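*Asks:* Dumping the structure here so I can ask a few things about it.
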Amino acid sequence: MSTGAVFSPDGRTLATAANRAVILWDVAQRTRRATLVPKEYVHYEVHGLAFSPDSRVLAVGGYGYQKIILWNVATRTQAGTFSSASSGPVYRLSFSPKGDILAWSAVESANTAIGGDFGIVLWDLTENARRTTFTVHTSPGTAVAFSPDGRMLASDGGGVSLWLIAQSERMATLSLPQDSATAFLRGPVFSADGRLLATTGSKNSVVLWDVDPKSWVRRLCAKAARDLTPQEWGSVMTGQPYQSVCAP
Numbered sequence: 040m041s042t043g044a045v046f047s048p049d050g051r052t053l054a055t056a057a058n059r060a061v062i063l064w065d066v067a068q069r070t071r072r073a074t075l076v077p078k079e080y081v082h083y084e085v086h087g088l089a090f091s092p093d094s095r096v097l098a099v100g101g102y103g104y105q106k107i108i109l110w111n112v113a114t115r116t117q118a119g120t121f122s123s124a125s126s127g128p129v130y131r132l133s134f135s136p137k138g139d140i141l142a143w144s145a146v147e148s149a150n151t152a153i154g155g156d157f158g159i160v161l162w163d164l165t166e167n168a169r170r171t172t173f174t175v176h177t178s179p180g181t182a183v184a185f186s187p188d189g190r191m192l193a194s195d196g197g198g199v200s201l202w203l204i205a206q207s208e209r210m211a212t213l214s215l216p217q218d219s220a221t222a223f224l225r226g227p228v229f230s231a232d233g234r235l236l237a238t239t240g241s242k243n244s245v246v247l248w249d250v251d252p253k254s255w256v257r258r259l260c261a262k263a264a265r266d267l268t269p270q271e272w273g274s275v276m277t278g279q280p281y282q283s284v285c286a287p
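Convert by adding 39 to the 1-based position in the sequence shown; the result is the number in the working numbering.
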């Protein structure tokens, strides 16, 4: 049973999941290039697939193995494995634009029924170690997506959270009224310029979000019809010299 498919960024390879194996297809020739099977024979269903930006590495996550596998696409060999830090399936993975970070959603504890730990794991591929974990207490997510500039990460799970990578903190939570037909948001995807975020909602709806901080500032300035006062600036920008926020 196929559970996922993804094209390589260079467009030459298509990876498809079939139970515990991954099939690599030559897109131009429409032929099977290789079948990737984990070294350890275990009950394992592949769900998450992600190519690195240079198309050289394929990251694979799933259910039952509790590991992330990195495959060298050229040699068809395992380039590395590490814990998924999840007791549940890893449905989707995402490489940062530079290819140095891999992110995915994880169920990190068995206490989720009483508000336990659903996490977003960021793995540093250069150091081969966990860089950080963003912990949420709402519902398990399935999808994560980096902004094109690599500064933000969007994750779903009820609403959609925007995380600042450098600061390792949540910047905003995007949600809609619970009585809205689109209240349940999933599958965040950034536009190529990073200014818009698309999410799917309930009842076959799609919601577009303005996630450009500069646009937020312009809207706030237009609504307030004035700049911040020195006192207002000092209350939120402690120790920083005053400057105009709403300057043209």
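Beta carbons are placed, not taken as given, at the ideal position from N, Cα and C, and that holds for glycine.
Quantities reported herein were computed from a predicted structural model and do not represent experimental measurements.
Threshold first: 3 residues or longer. Then list the beta strand (DSSP E) segments lying entirely within the region 66-107, N to C.
*Replies:* Counting whole runs of 3 or more residues, the region 66-107 contains the beta strand (DSSP E) stretches 70-75, 84-90, 96-102.
*Asks:* For PRO227, does the three-state DSSP call read helix, strand or coil?
*Replies:* As a working mapping, residue 227 is identified with position 188 in the sequence shown. DSSP places PRO227 in strand when its eight states are reduced to three.
*Asks:* Tell me, to the nearest whole angstrom, how far the beta carbon of ARG190 is from that of LEU203; I am working on the premise that it is less than 8 Å.
*Replies:* If you number the sequence shown from 1, residue 190 lands on position 151. If you number the sequence shown from 1, residue 203 lands on position 164. Contact holds; Cβ gap of about 7 Å.
*Asks:* Should LEU164 go down as buried or exposed, given a rule of 16 or more other Cβ atoms within 10 Å for buried?
*Replies:* The sequence position of residue 164 within the sequence shown is 125, counting from 1. By the 10 Å Cβ count, LEU164 comes out buried.
*Asks:* Alpha carbon to alpha carbon, how far is SER91 from PHE134?
*Replies:* Translated into positions along the sequence shown, residue 91 becomes position 52. Translated into positions along the sequence shown, residue 134 becomes position 95. Their Cα atoms are separated by approximately 6 Å.
*Asks:* Quick check: the region 83-100 against the region 53-60, are at least 3 beta-carbon pairs closer than 8 Å?
*Replies:* Yes, they touch.
*Asks:* Helix, strand or coil: how does DSSP classify GLY154 here?
*Replies:* On the sequence shown, position 115 is the one that residue 154 refers to. Confidence is the limiting factor: at GLY154 the pLDDT is only 49, short of 50, which leaves the residue's position unreliable, though a coordinate-based value still follows. Correct three-state label for GLY154: coil.
*Asks:* Just reading off the beta strand (DSSP E) that SER244 is part of, what are its end residues?
*Replies:* Counted from its first residue, the sequence shown places residue 244 at position 205. Run containing SER244: 244-249, per the beta strand (DSSP E) assignment.
*Asks:* Thinking C-alpha only, which one of PRO136, ARG170, MET210, PRO77 is nearest ALA231?
*Replies:* Taking the first residue of the sequence shown as 1, we reach residue 231 at position 192. Among PRO136, ARG170, MET210, PRO77, the Cα nearest to that of ALA231 belongs to PRO136.
*Asks:* From ASN167 to ASN111, what distance separates their C-alpha atoms?
*Replies:* Working through the sequence shown from its first residue, we reach residue 167 at position 128. Working through the sequence shown from its first residue, we reach residue 111 at position 72. The straight-line gap from Cα to Cα measures roughly 16 Å.
*Asks:* Within its chain, find whatever has a CB closer than 6 Å to the CB of LEU63; leave out the 5 residues flanking it on each side and keep chain order.
*Replies:* Numbered from its first residue, the sequence shown carries residue 63 at position 24. THR52, ALA54, ARG72, ALA73, listed in sequence order.
*Asks:* Taking 8 Å as the limit between beta carbons, can you name the residues of its chain near ARG209, skipping five residues before and five after?
*Replies:* Taking the sequence shown and counting its residues from 1, one reaches residue 209 at position 170. Cβ within range, chain order: PHE173, SER200, LEU201, TRP202, LEU203.
*Asks:* I believe ALA89 touches VAL45 by the beta-carbon criterion, under 8 Å. Please report the beta-carbon distance rounded to the nearest angstrom.
*Replies:* Position 50 of the sequence shown, counting from 1, holds the residue named residue 89. Position 6 of the sequence shown, counting from 1, holds the residue named residue 45. Confirmed, Cβ separation roughly 7 Å.
*Asks:* Expressed to the nearest angstrom, what Euclidean distance is found between the alpha-carbon atoms of TRP143 and TRP162?
*Replies:* The residue you call residue 143 lines up with position 104 of the sequence shown. The residue you call residue 162 lines up with position 123 of the sequence shown. Between TRP143 and TRP162, the C-alpha separation is close to 9 Å.
*Asks:* Is the CB-CB distance between THR212 and GLY226 below 9 Å?
*Replies:* Counting from 1 along the sequence shown, the entry for residue 212 is found at position 173. Counting from 1 along the sequence shown, the entry for residue 226 is found at position 187. The answer is no: Cβ separation not under 9 Å.
*Asks:* In angstroms, rounded to a whole number, what distance separates the CA positions of PRO187 and CYS285?
*Replies:* Residue numbering aside, residue 187 sits at position 148 when the sequence shown is read from its first letter. Residue numbering aside, residue 285 sits at position 246 when the sequence shown is read from its first letter. Their Cα atoms are separated by approximately 26 Å.
*Asks:* DSSP three-state label for GLY198, please.
*Replies:* Position 159 of the sequence shown, counting from 1, holds the residue named residue 198. GLY198: strand per DSSP, three-state reduction.
*Asks:* Identify the residues that DSSP records as bridge partners of ASP163: which are they?
*Replies:* In the sequence shown, residue 163 corresponds to position 124, counting from 1. The partner list for ASP163 (beta bridge, DSSP) reads ILE140, ALA168.
*Asks:* Using the three-state DSSP reduction, which class does SER135 fall into: helix, strand or coil?
*Replies:* Translated into the one-based positions of the sequence shown, residue 135 becomes position 96. In this structure, SER135 counts as coil in the three-state DSSP scheme.
*Asks:* Which residue comes first and which comes last in the beta strand (DSSP E) that contains LEU53?
*Replies:* Taking the first residue of the sequence shown as position 1, residue 53 is located at position 14. It spans 52-57 - the beta strand (DSSP E) in which LEU53 sits, taken as one unbroken run.
*Asks:* Give the secondary structure of MET276 by DSSP, where H, G and I count as helix, E and B as strand, and everything else as coil.
*Replies:* Start at 1 with the first residue of the sequence shown, and residue 276 comes out as number 237. It is coil, neither helix nor strand.
*Asks:* For a cutoff of 9 Å on Cβ pairs, would you count ALA193 as touching chain C?
*Replies:* As a matter of chain content, chain C is missing from the structure shown, which is built from one protein chain.
*Asks:* Suppose the cutoff is 6 Å on Cβ atoms and the five residues either side in sequence are ignored; what does the same chain contact list for THR171 look like?
*Replies:* Working through the sequence shown from its first residue, we reach residue 171 at position 132. LEU161, SER207.
*Asks:* Give me, in chain order, the residues of the same chain whose beta-carbon lies closer than 8 Å to that of THR120; leave out the 5 immediate sequence neighbours on both sides.
*Replies:* Start at 1 with the first residue of the sequence shown, and residue 120 comes out as number 81. The residues are LYS106, ILE107, ILE108, LEU109.
*Asks:* Roughly how many angstroms lie between the CA atoms of ALA261 and SER283, to the nearest whole one?
*Replies:* Working through the sequence shown from its first residue, we reach residue 261 at position 222. Working through the sequence shown from its first residue, we reach residue 283 at position 244. Rounded to the nearest angstrom, the two C-alpha atoms are 14 Å apart.
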